[in-house]
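Residue numbers (full-length UniProt numbering): 1 to 515.
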């Protein structure tokens with residue numbers, strides 16, 4: 001009798017899109033459900049997601065994908081969830097009611113609070129104490145503590161803001177009535193009807209609430225900020241048992257067998273299992289992630305260590321850096337009428353030999369690693385009467401590649417890890433052949449672009465499949481990742497050396513603009 005085929009539901013929740021893919025055992029997509037997501041901006045600096053809307057879109061996408069795959073819910077043997085990280089909510093343990101909307105990773109409401117703490121005498125003493133301990137112990141944990149500063153991007157400082165400013169949260173937290181969770185934690189809690197309050201290391205590591213070196217909650221930061229440990233979820237393996245969906249949600253008790261952060265899910269989907277392997281995701285922004293094995297890198301110049309996944313006794317550490325502007329640049333060009341569609345931008349850019357001296361600095365949201373100037377402005381420099389839309393298009397696409405090269409060079413210098421040859425790209429912007437080929441040329445690296453660009457979904461599916469026993473090992477997954485195109489470096493480095501120097505001059509003129 002033939003064995004019934006196993007199907008896995010993998011959901012990826014991003015800033016603009018929520019999608020569910022149904023995969024079979026060959027990692028082929030059999031059904032897709034897509035919902036547009038949006039953020040709520042109640043006031044300057046605040047970026048939120050409405051929990052009720054997210055829940056409705058999540059369940060709708062899963063149901064649509066199962067329907068398109070022509071399956072019954074009970075045929076889905078496992079669910080994996082990949083989410084944008086450091087976006088959190090607090091809710092009442094007894095009633096399930098949220099105290100506020102999801103506060104997004106890029107919300108800056110706690111910027112002044114972070115600055116005040118960083119400049120306080122008590123925090124200065126804490127850092128100096130860490131430095132003193134490091135001098136005698138030489139432990140990297142204390143070296144990291146001596147240079148640590150709270151940033152508005154961290155969930156920890158925004159949770160502190162919540163305790164100070166949202167009525168009832170601090171009081172209820174002292175009575176053990178409050179639960180904290182990033183998106184996957186809240187979804188698992190909802191899916192299991194409150195039976196499971198859990199997360200994994202890839203998600204909690206990006207909040208600054210977790211001590212990577214001690215492999216435990218960062219009780220030093222939590223005590224300093226007055227955050228009760230009782231709020232925190234249980235930490236489980238990335239590929240593990242997160243309970244089962246209540247049958248009322250989808251009509252069957254679908255086992256939840258993985259939760260993972262979006263970039264870590266993408267890295268797993270790209271099969272970056274070996275130390276020194278690098279993947280790049282180019283979506284709204286650009287994320288570069290390097291597998292550093294068992295090594296935790298020191299956070300310097302906007303390059304920071306994180307955890308990729310934990311499976312059994314294996315914990316894989318990663319080095320990560322990012323730039324917020326990639327897809328935003330292409331979308332801007334579309335809105336400006338430089339090209340009819342994002343795909344047409346390649347043709348327009350290639351219609352001229354160079355950018356005609358035009359430089360574009362992609363800093364709609366400041367400049368991240370290694371420059372780290374959040375007051376930098378987006379700029380277009382070097383316009384002449386002869387400048388055409390094609391020149392501006394080429395300059396804008398070049399700028400995305402230039403920023404990625406900066407990220408790569410910074411990450412490889414800071415990692416202390418030998419980088420394996422060849423990069424793996426994914427995300428919507430990696431469809432742009434002009435950008436990918438230029439990066440290949442500038443880094444003199446081969447670039448592998450997969451057939452399936454939604455690698456966060458695939459990674460969540462791989463992890464859930466391992467947790468459900470669909471696949472027995474990571475080695476089984478490698479042949480399932482299919483390549484769509486390989487980009488080999490061409491002779492263009494010397495041509496771009498003066499262009500890169502001119503572009504850096506433009507960058508320098510864009511710094512500290514909004515101070």
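The beta-carbon is built from N, C-alpha and C at its ideal position, and this holds for glycine as well.
As the structure is a prediction and not an experimental result, all values here were calculated from the model.
{"query": "Where DSSP assigns a beta bridge to residue 291, which residues make up the other side?", "result": "318"}
{"query": "By alpha-carbon positions, which one of 160, 63, 184 ends up nearest to residue 221?", "result": "160"}
{"query": "Taking 8 Å as the cut-off, does the stretch 128-142 touch the stretch 87-96 (at least 3 CB pairs, one atom from each stretch)?", "result": "no"}
{"query": "Identify which residue in 337, 395, 125 has its Cα closest to the Cα of residue 496.", "result": "395"}
{"query": "In its own chain, which residues sit with a C-beta less than 7 Å from the C-beta of residue 346, not counting the 5 before and 5 after it?", "result": "432, 433, 434"}
{"query": "Hey, out of 63, 436, 441, 484, whose CA is closest to residue 450's CA?", "result": "484"}
{"query": "Which first and last residues belong to the alpha helix (DSSP H) in which residue 262 is found?", "result": "262-269"}
{"query": "Which partner residues does residue 221 have in the DSSP bridge list?", "result": "Answer by DSSP bridge pairing: none, since residue 221 is not bridged."}
{"query": "Could you compute how far the alpha carbon of residue 329 sits from the alpha carbon of residue 141?", "result": "38 Å"}
{"query": "By DSSP, does residue 296 sit in helix, in strand, or in coil?", "result": "coil"}
{"query": "For residue 441 and residue 404, I'd like the C-alpha separation in whole angstroms.", "result": "12 Å"}
{"query": "Taking only runs of the alpha helix (DSSP H) that begin and end inside the stretch 114-140, which ones reach a length of at least 4 residues, in chain order?", "result": "121-137"}
{"query": "Pick helix, strand or coil for residue 151, following the three-state DSSP scheme.", "result": "coil"}
{"query": "In the DSSP output, which residue or residues are listed as bridge partners for residue 79?", "result": "9, 256"}
{"query": "By the DSSP assignment, the alpha helix (DSSP H) with residue 468 in it spans what residues?", "result": "455-468"}
{"query": "What is the rounded straight-line gap between the Cα of residue 499 and the Cα of residue 362?", "result": "16 Å"}
{"query": "Helix or strand or just coil, what does DSSP make of residue 484?", "result": "strand"}
{"query": "Ignore the nearest five residues each way along the sequence and tell me which others in residue 456's own chain have a CB closer than 6 Å to its CB.", "result": "12, 82, 262, 265, 266"}
{"query": "Is residue 286 helix, strand or coil when you go by DSSP?", "result": "strand"}
{"query": "Output the distance between the C-alpha atoms of residue 446 and residue 282, rounded to the nearest integer angstrom.", "result": "17 Å"}
{"query": "In or out: residue 40 buried (at least 16 other Cβ within 10 Å) or exposed?", "result": "exposed"}
{"query": "For the stretch 141-157 and the stretch 122-131, state whether three or more C-beta atom pairs, one from each stretch, are separated by less than 8 Å.", "result": "yes"}
{"query": "Mapping DSSP to helix, strand and coil, what is residue 391?", "result": "helix"}
{"query": "Can you find the residues in the same chain that come closer than 7 Å, C-beta to C-beta, to residue 355, ignoring five residues on each side of it along the sequence?", "result": "391, 394, 395, 398"}
{"query": "Are the Cβ atoms of residue 207 and residue 85 separated by less than 9 Å?", "result": "yes"}
{"query": "Could you give the residue range of the beta strand (DSSP E) that holds residue 476?", "result": "No beta strand (DSSP E) contains residue 476, which DSSP labels as neither H nor E."}
{"query": "Is the Cβ-Cβ distance between residue 22 and residue 14 less than 9 Å?", "result": "no"}
{"query": "When you compare only the Cα positions, how much space is there between residue 350 and residue 370?", "result": "29 Å"}
{"query": "If you compare alpha carbons, which of 367, 407, 444, 486 is closest to residue 424?", "result": "486"}
{"query": "Please report the distance separating the alpha-carbon of residue 1 from that of residue 469.", "result": "Bear in mind that a pLDDT of 36 at residue 1, under 50, signals an unreliable position, so the model cannot answer this."}
{"query": "Is the CB-CB distance between residue 458 and residue 311 below 9 Å?", "result": "no"}
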